[in-house]
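Quick notes on the structure that follows.
Protein chains: 2
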Amino acid sequence: MSDKTRRFSSVAVVGAGAIGLYYGIRLALGGAGVRFLMRSDLGEVRRRDSAILRLKEGASELKPVQAFGSAAEIGPVDLVVVTLKTTSNGELGSLLPPLIGPETAILTLQNGLGADELLATLFGAERVMGGLAFIACNRTGPGEVTCFHPGSLLVGEFGRPPGERIRGLANQFEQAGVATKVADNLESARWHKLIWNVPFNGLPIVAGGVTTDRICSDPELAAEARALMEEIRGAAGRLGHTISPEFLRRQFAVTPGMGPYRPSSLIDFLEGRSVEVESIWGEPLRRAQAAGAAVPRLSLLHALLKSLDHRPKD
Amino acid sequence: MSDKTRRFSSVAVVGAGAIGLYYGIRLALGGAGVRFLMRSDLGEVRRRDSAILRLKEGASELKPVQAFGSAAEIGPVDLVVVTLKTTSNGELGSLLPPLIGPETAILTLQNGLGADELLATLFGAERVMGGLAFIACNRTGPGEVTCFHPGSLLVGEFGRPPGERIRGLANQFEQAGVATKVADNLESARWHKLIWNVPFNGLPIVAGGVTTDRICSDPELAAEARALMEEIRGAAGRLGHTISPEFLRRQFAVTPGMGPYRPSSLIDFLEGRSVEVESIWGEPLRRAQAAGAAVPRLSLLHALLKSLDHRPKD
Chain A
1 MSDKTRRFSS VAVVGAGAIG LYYGIRLALG GAGVRFLMRS DLGEVRRRDS
51 AILRLKEGAS ELKPVQAFGS AAEIGPVDLV VVTLKTTSNG ELGSLLPPLI
101 GPETAILTLQ NGLGADELLA TLFGAERVMG GLAFIACNRT GPGEVTCFHP
151 GSLLVGEFGR PPGERIRGLA NQFEQAGVAT KVADNLESAR WHKLIWNVPF
201 NGLPIVAGGV TTDRICSDPE LAAEARALME EIRGAAGRLG HTISPEFLRR
251 QFAVTPGMGP YRPSSLIDFL EGRSVEVESI WGEPLRRAQA AGAAVPRLSL
301 LHALLKSLDH RPKD
Chain B
1 MSDKTRRFSS VAVVGAGAIG LYYGIRLALG GAGVRFLMRS DLGEVRRRDS
51 AILRLKEGAS ELKPVQAFGS AAEIGPVDLV VVTLKTTSNG ELGSLLPPLI
101 GPETAILTLQ NGLGADELLA TLFGAERVMG GLAFIACNRT GPGEVTCFHP
151 GSLLVGEFGR PPGERIRGLA NQFEQAGVAT KVADNLESAR WHKLIWNVPF
201 NGLPIVAGGV TTDRICSDPE LAAEARALME EIRGAAGRLG HTISPEFLRR
251 QFAVTPGMGP YRPSSLIDFL EGRSVEVESI WGEPLRRAQA AGAAVPRLSL
301 LHALLKSLDH RPKD
């Protein structure tokens, strides 16, 4: 915990869903100047002038809250935390520029693959860090997030080994109450997370809106989940990311204990919102195919999810 | 057209859905004594005392109609035509015996795989013939079938090359106005039909209730349909049934011209009835796997359809 590690004093959180609220409120309560970029919830949050974090142990209120409707009002910050759904990533090129100064870093906490590369292309690879949120939380109202299991955060540099910047960020998160680890290889970490997300975010949708425990208790669906995990493992391996069979076994084994869990993608689907089809299934599929990996089940699953998710995309 | 070919004078049609009504009415109007075994439609059909066949060119009424509520009332016949949905095949062992005399033949016009073998096990392989109905027709009321495209019928002996009996049957169908061909190999014919049925009965259900033209016009779903066709072709090949790439190409090519077609499985699914999951997908999957064929997409599709079709089975 060196005093020399860089702190991000000013932070813009882009996207005030569950993830954006959770980590934004944490960082703000930890002492950073956090400004939230909001859309639909802006009026209610400003009227109340607070953001609320509910935990099992009780609630924290961030009051006053700095909430804005445009990036121009926020202006350049030390750190941009991107927590939009990836279905809105087409907007990043027009949305973020007012937040970016010469030294601004960008941390994307978005699902799946593709956001790191997109941000690197748009704003320069040297700015980009990525994070994987292992957390169970839901947005339960405007500017209000309820956390069921705080889990942990895994952060890494995009395309580089970890250095002082990412360790400073992890330290800042830790001091804000978020258990945080630094990944040696961000891309590898993302492929590891796909081992669970590809089957357990996808199969519940295409199998008729079932919870993850139903996937595990149906022998045939469970076998398909395992086969999808093996396809992802094979593709990751071809891309240089070794995933152990033991990791697969554990990822499968923890799932029944989660009970009748509805993954975020299933909730999005059932509530008529866009599903993050391309970041969780489409981009992994394209990279797997480009690497020559056999991913027939992923291919079928992606085509079905894309068909089911027939709402217009940004 | 030898006079020596056997005619089936007395026929029992088991299952009065679209297929049973169509071929039963045809055979009856062609001079056979056809008795229908019905369940839910029995009262209305008896009250009206007719069965109705609607064609583009006009309608035919079979009046009086011999409709019964139990096989015991029908008694032994020359030919039993089985047109139940395969989801009811668990009842065949208790349903058919009163219809079976020493010389009774059985013709199953049911979808997919498994019915031939089941009937052979229950009643003796020598009795069993199978048929594939290439026809577009719907049951449009109690004892009423509407035919949009009469197509053709392909019949074959179970486990034997064609002989006098099957040629006599084909002749009898021809004389009743049904274009009929005799298959050299019934099992091969069934695998050929699966080339279309596996993708185009299945994908419309799991892709969200879309018509077959939508499968063809979506590049990714179309690629999945082709890949499923290739899996079936590969499995059939391992089982000794050579299917040409040209056959696949044609099966795919005819589909867009069918317009916004709702296959029977999709109609069953959308109207809350059981889907013939095991005969169209489950049994082909098991035979393919037993033969060592790689059928990952069929495996996933079957698991999803089974999950979606969660109504109790007979």
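Taken in sequence, the protein lines are chains A and B. Quick note on this note's numbering: the first sequence kicks off at 1 and runs consecutively. Quick note on this note's numbering: the second sequence kicks off at 1 and runs consecutively. Cβ atoms here follow ideal geometry from the backbone N, Cα and C, with glycine treated the same way. What you are looking at is a predicted structure, and each value in this text was computed from that prediction instead of being measured.
- If you compare the alpha carbons of B:L95, B:P162 and B:G130 with that of N111 (chain B), the shortest gap goes to B:G130.
- DSSP, reduced to helix, strand and coil, places T180 (chain B) within a strand of the structure shown.
- Residue environment analysis places F148 (chain A) among the exposed positions, since fewer than 16 neighbouring C-beta atoms fall within 10 angstroms of its C-beta.
- Nothing from the stretch 264-279 of chain B brings a Cβ to less than 7 angstroms from some Cβ of chain A.
- Against R226 (chain A), chain B offers no close residue; the least beta-carbon distance is about 11 angstroms (beta-carbon pairs closer than 7 angstroms).
- In chain order, G112, L113 and G114 place their CB closer than 8 angstroms to the CB of E283 (chain B), counting only its own chain and leaving out the 5 sequence neighbours on each side.
- For V13 (chain A), the pairing in a beta bridge is given by DSSP as A:F36 and A:V81.
- Less than 7 angstroms separates the beta-carbon of I25 (chain A) from that of A51 (chain A).
- In the structure shown, N185 (chain B) falls within a coil segment according to DSSP collapsed to helix, strand and coil.
- Using a Cβ distance threshold of 7 angstroms, I232 (chain B) and L194 (chain B) count as a contacting pair.
- Taking a C-beta distance under 7 angstroms as the contact criterion, A225 (chain B) and L203 (chain B) qualify as a contact pair.
- Distance from the Cα of D218 (chain A) is smallest, within the candidate group B:V81, B:L305 and B:S94, for B:L305.
- When the Cα atoms are used, L37 (chain B) and E44 (chain B) turn out to be separated by approximately 13 angstroms.
- At the C-beta level, N185 (chain A) and I280 (chain A) stay beyond 7 angstroms of one another.
- Contacts between D218 (chain B) and chain A, judged by CB atoms closer than 7 angstroms, involve S307 in chain order.
- For the pair of segments examined, the stretch 171-178 of chain A was found not to touch the stretch 206-213 of chain A: the number of CB pairs separated by less than 8 angstroms stays below three.
- Chain-order list of chain B residues neighbouring P284 (chain A): empty, with the shortest C-beta distance near 15 angstroms, by a criterion of under 7 angstroms.
- When secondary structure is reduced to three states using DSSP, P199 (chain A) falls in the helix class.
- When DSSP reads this structure, I100 (chain A) sits in a beta bridge with A:V77.
- Not a single C-beta of chain B is nearer than 7 angstroms to the C-beta of V182 (chain A).
- Judged by their CB atoms, A170 (chain B) and V155 (chain B) are nearer to each other than the 7 angstroms cut-off.
- Within the model, the alpha-carbon separation for A59 (chain A) versus L53 (chain A) is close to 6 angstroms.
- In this structure the stretch 8-22 of chain B lies against the stretch 94-112 of chain B, because at least three pairs of beta carbons, one per stretch, are closer than 8 angstroms.
- Around the beta-carbon of P263 (chain B), 16 or more other beta-carbon atoms lie within 10 Å, marking it buried.
- By the criterion of a C-beta distance shorter than 6 angstroms, H302 (chain B) is surrounded in its chain by W281, G282 and L285, once the five residues flanking it on both sides are discounted.
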